[in-house]
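Notes follow the structure.
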Amino acid sequence: MPAITLPDGSVRSFDGPVTGTAIAASIGPGLAKAALAMEVDGRLADLSARIDRDARVRFITRRDPEALELIRHDCAHVLAEAVQALFPGTQVTIGPAIENGFYYDFARNEPFTPEDFPAIEAKMREIVARDSPFVREEWDREEAIRYFLERGERYKAQIIEDLPAGETISVYRQGEWLDLCRGPHMRSTGDVGTAFKLMKVAGAYWRGDHRNQMLSRIYGTAWRDGKELEAYLAMLEEAERRDHRRIGREMDLFHLQEEAVGSVFWHPKGWRLYRTVESYMRRRLDAADYAEVRTPQLVDRRLWEASGHWEKFRENMFLATVEDEAEKHRVLALKPMNCPCHVQIFNERLRSYRELPLRMAEFGSCHRYEPSGALHGIMRVRAFTQDDAHIFCTEAQIAPETARFVELLSTIYRDFGFESFRVKFSDRPARRAGTDAVWDQAEEALKEACRIAGVDYVLNPGEGAFYGPKLEFVLRDAIGRDWQCGTLQVDFVLPERLGAEYVAEDGSRRRPVMLHRAILGSFERFLGILIEQHAGRFPFWLAPVQVVVATIVDDAAPFAREAAAAMARAGLRVEADLRNEKIDRKVKDHIGARVPVLAVIGRREAEQGAVVLRRLPGREQELLPLPEAVARLAAEGTPPDLAAPKAAVAAA
RNA sequence: GCCGACAUAGCUCAGCGGUAGAGCAACUGAUUCGUAAUCAGUAGGCCCCCGGUUCAAAUCCGGGUGUCGGCACCA
Numbered sequence: 000m001p002a003i004t005l006p007d008g009s010v011r012s013f014d015g016p017v018t019g020t021a022i023a024a025s026i027g028p029g030l031a032k033a034a035l036a037m038e039v040d041g042r043l044a045d046l047s048a049r050i051d052r053d054a055r056v057r058f059i060t061r062r063d064p065e066a067l068e069l070i071r072h073d074c075a076h077v078l079a080e081a082v083q084a085l086f087p088g089t090q091v092t093i094g095p096a097i098e099n100g101f102y103y104d105f106a107r108n109e110p111f112t113p114e115d116f117p118a119i120e121a122k123m124r125e126i127v128a129r130d131s132p133f134v135r136e137e138w139d140r141e142e143a144i145r146y147f148l149e150r151g152e153r154y155k156a157q158i159i160e161d162l163p164a165g166e167t168i169s170v171y172r173q174g175e176w177l178d179l180c181r182g183p184h185m186r187s188t189g190d191v192g193t194a195f196k197l198m199k200v201a202g203a204y205w206r207g208d209h210r211n212q213m214l215s216r217i218y219g220t221a222w223r224d225g226k227e228l229e230a231y232l233a234m235l236e237e238a239e240r241r242d243h244r245r246i247g248r249e250m251d252l253f254h255l256q257e258e259a260v261g262s263v264f265w266h267p268k269g270w271r272l273y274r275t276v277e278s279y280m281r282r283r284l285d286a287a288d289y290a291e292v293r294t295p296q297l298v299d300r301r302l303w304e305a306s307g308h309w310e311k312f313r314e315n316m317f318l319a320t321v322e323d324e325a326e327k328h329r330v331l332a333l334k335p336m337n338c339p340c341h342v343q344i345f346n347e348r349l350r351s352y353r354e355l356p357l358r359m360a361e362f363g364s365c366h367r368y369e370p371s372g373a374l375h376g377i378m379r380v381r382a383f384t385q386d387d388a389h390i391f392c393t394e395a396q397i398a399p400e401t402a403r404f405v406e407l408l409s410t411i412y413r414d415f416g417f418e419s420f421r422v423k424f425s426d427r428p429a430r431r432a433g434t435d436a437v438w439d440q441a442e443e444a445l446k447e448a449c450r451i452a453g454v455d456y457v458l459n460p461g462e463g464a465f466y467g468p469k470l471e472f473v474l475r476d477a478i479g480r481d482w483q484c485g486t487l488q489v490d491f492v493l494p495e496r497l498g499a500e501y502v503a504e505d506g507s508r509r510r511p512v513m514l515h516r517a518i519l520g521s522f523e524r525f526l527g528i529l530i531e532q533h534a535g536r537f538p539f540w541l542a543p544v545q546v547v548v549a550t551i552v553d554d555a556a557p558f559a560r561e562a563a564a565a566m567a568r569a570g571l572r573v574e575a576d577l578r579n580e581k582i583d584r585k586v587k588d589h590i591g592a593r594v595p596v597l598a599v600i601g602r603r604e605a606e607q608g609a610v611v612l613r614r615l616p617g618r619e620q621e622l623l624p625l626p627e628a629v630a631r632l633a634a635e636g637t638p639p640d641l642a643a644p645k646a647a648v649a650a651a
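Under this note's numbering, the first residue of the first sequence is numbered 0, with each subsequent residue one higher.
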């Protein structure tokens, strides 16, 4: 006599075991038609599942968030059937729903190409139109393995073999075709609908392990309806328009070339942007009591052996030698990290507890040999500059330093236009230095610090650095993509390995703890993110070209030059456009170049010593005397960390 | 690094065995114009590199390199 409690609190009793389909029907024909699946005591289940005891039941309709996941998962099954129908001999493996869609990994000698998509999609539409019910069956383990092996489905058989003993083996039929699957599924293939599209093919390792066979993966996207699909495709187009590689070229910020793979050639405008960000960061670090240092690029392997990098990180390091006979034996490495060098400065003389916490910062230029496939524009490169710092402190200072750091990082992200971030806590990786006892200590200290600093995090198991656990700060950009930038890592290992110590209050020698921390991560990566976040239309204080002074007639040129010079003297980044072109053309060009302000000067303005300011890409115009225009723009161009006190003064 | 695709003018791309093309940008000239493309002309190419097939290769084949999309890796 199961009593079913619905989300509105009402209870319905049934005489015996009852399916979701029957419950929905008992509630009303509308729901019976709309229900795709259900949630029983918080767990998603097929509508056809029988409930034989009291339970809370919620029906999932197309409008519910869970529906998308169901649609995508079912769509993956439809894809798999279509592929096996069109390409006999292809083995199926797994096909989960993912963010924005789904994929299915196939084992086939010949990889798929996008040219195969139209045929596959057509077959998928047939399967959806066929509207075959998804029918769940539970099979005996051995029988299931035999069944799949007989059909040459070695991967499926492998999956079953690796399932824990006692796990129910379920398969889902859709017409003639079936797949091993945990479920749940919607009622039938028809519920998938037609708002899906195959997106791309890619290789993917079986079980994500690079030692395994490469499978052929087909990615697709699927939505509730055509409108959602359109919106998603439009978002992808927007992402493409924002691509920092495209904008970098269009705005003449930087380029990359074969002779320096993974290193950026910064052009004047890009470097201006870089310097604006760097100057801002330097002021923020100065204000936060960091001491900036500069350490060598090329360092003898002996230091890397001592630090542990030679053992744990060598495959990522660039090595350098010289021809000179006397020096031939010496192996130098381009530094991949700054920490060992910072410890050298710490160790250079005896340190007192009074100096702690000692915050040592460096805009540290690092080189790492990254796998070729990892390179991506200026976001993933082999030569980059970290906004790196190491805080030498006592264990008791870990928590307050963490709080201080999170505070600094939040305000910096806000200044760059990012309103929120998430935090991940990464604990000990398989490949690591230091004993388990030290790791216990470090992880505990960092958790405690989060508690005290009020930082909420999600656990990211096994992803820590080789020397310590870390917090990772993840930004979300304007179109919803996540970027990991900041990091804070607790390190008990390196001070030990490199023999760092200080004299404590009682005169004894103690080991400091090192906190490795970065806010932007690397300038290259962060500037890429910044470009995409703002689609190249930077806030005024960051724009590489803030103002273009544009003339309407040649007669206005002398005053335009004067105006541009006055702006430059006020610290503005300004260019003059004196070309013999119509003003319409100049407006269009500078909108295209993402210039934030156009200062237009015609004959009238030249005569009265004024400019017309137009905020691009907007249309409003404002006529101002030159000195006022300069003052106003200069105020607007003041970086946020310098502007704040000024505003406070004005308010007082 | 692995799988796949791609590489032609500064940019975006067409050409796919028979003399290398377009649009935009650039340059020159005319025009002096009031807020999202003025007109005319000129110039611009080791068709990524190295081999091979062919009477003939940008085009077909092999090998490199790089880029792009994933995977793996990661700031």
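C-beta: ideal position from N, C-alpha, C; glycine also. On a predicted model such as this, the values are computed, not experimentally measured, just so you know.
Residue j beta carbon less than 8 Å from that of residue i
i: Thr275; j: Glu361; result: no
i: Ala230; j: Cys74; result: no
i: Phe688; j: Gly433; result: The structure shown does not extend to residue 688, since the chain spans only 0 to 651, so no value can be given for it.
i: Tyr171; j: Val127; result: no
i: Arg572; j: Val544; result: yes
i: Ile377; j: Leu529; result: no
i: Glu291; j: Leu284; result: yes
i: Val422; j: Tyr456; result: yes
i: Pro183; j: Ala44; result: yes
i: Gly485; j: Ile451; result: no
Span of the alpha helix (DSSP H), counted from its first residue to its last, around residue i
i: Val405; result: 397-414
i: Gly527; result: 522-533
i: Glu109; result: Here Glu109 belongs to no alpha helix (DSSP H), and DSSP marks it neither H nor E.
i: Phe195; result: That residue, Phe195, is in no alpha helix (DSSP H); its beta strand (DSSP E) goes 195-204.
i: Ile246; result: 243-249
i: Glu606; result: 602-607
i: Val437; result: 435-452
i: Ser652; result: In the structure as shown, the chain begins at 0 and stops at 651. Residue 652 is therefore absent and cannot be evaluated.
i: Val342; result: 338-346
Those residues which DSSP pairs with residue i across a bridge
i: Asn459; result: Ser425
i: Thr220; result: Lys196
i: Arg379; result: His375
i: Lys469; result: Ser425, Gln488
i: Trp270; result: In DSSP, Trp270 forms no bridge with anything.
i: Leu541; result: Its beta-bridge partners do not exist; DSSP assigns none.
i: Phe105; result: Val91, Ser215
Residue burial classification, residue i (beta-carbon count within 10 angstroms, cutoff 16)
i: Ser419; result: exposed
i: Pro6; result: exposed
i: Thr112; result: exposed
i: Leu252; result: buried
i: Pro595; result: buried
i: Met0; result: exposed
i: Glu400; result: buried
i: Lys334; result: buried
i: Ser9; result: exposed
i: Ile22; result: buried
i: Thr92; result: buried
i: Gly363; result: buried
i: Gly652; result: Because the chain is modelled from 0 through 651, residue 652 falls outside the range shown and cannot be assessed.
i: Lys327; result: exposed
i: Gly192; result: buried
i: Thr386; result: Note on residue identity: the sequence assigns Asp, not Thr, to residue 386. Burial call: buried.
i: Thr384; result: buried
Where the beta strand (DSSP E) through residue i begins and ends
i: His389; result: 382-392
i: Ile3; result: 2-4
i: Phe362; result: 357-366
i: Gln173; result: 168-173
i: Ala634; result: No beta strand (DSSP E) contains Ala634, which is instead part of the alpha helix (DSSP H) from 625-635.
i: Asp178; result: 176-179
i: Val548; result: 546-550
Residue i CB to nearest heavy atom of the ligand GTP below 7 Å
i: Asp63; result: The ligand GTP is not among the ligands present in this structure, which contains no ligands whatsoever.
> Which ranges does the alpha helix (DSSP H) cover as unbroken runs of at least 4 residues, wholly within the stretch 112-158, from first to last along the chain?
Replying inline: Correct list: 116-129, 140-149.
> Curious, which full-length alpha helix (DSSP H) runs of at least 4 residues does the stretch 14-96 contain?
Replying inline: The qualifying runs are 19-26, 28-33, 64-85.
> In the stretch 556-598, which residue ranges form an unbroken beta strand (DSSP E) of at least 3 residues, counting only runs that do not cross its ends?
Replying inline: Scanning the stretch 556-598 from its first residue to its last, the whole beta strand (DSSP E) runs of 3-plus residues come out as 573-576.
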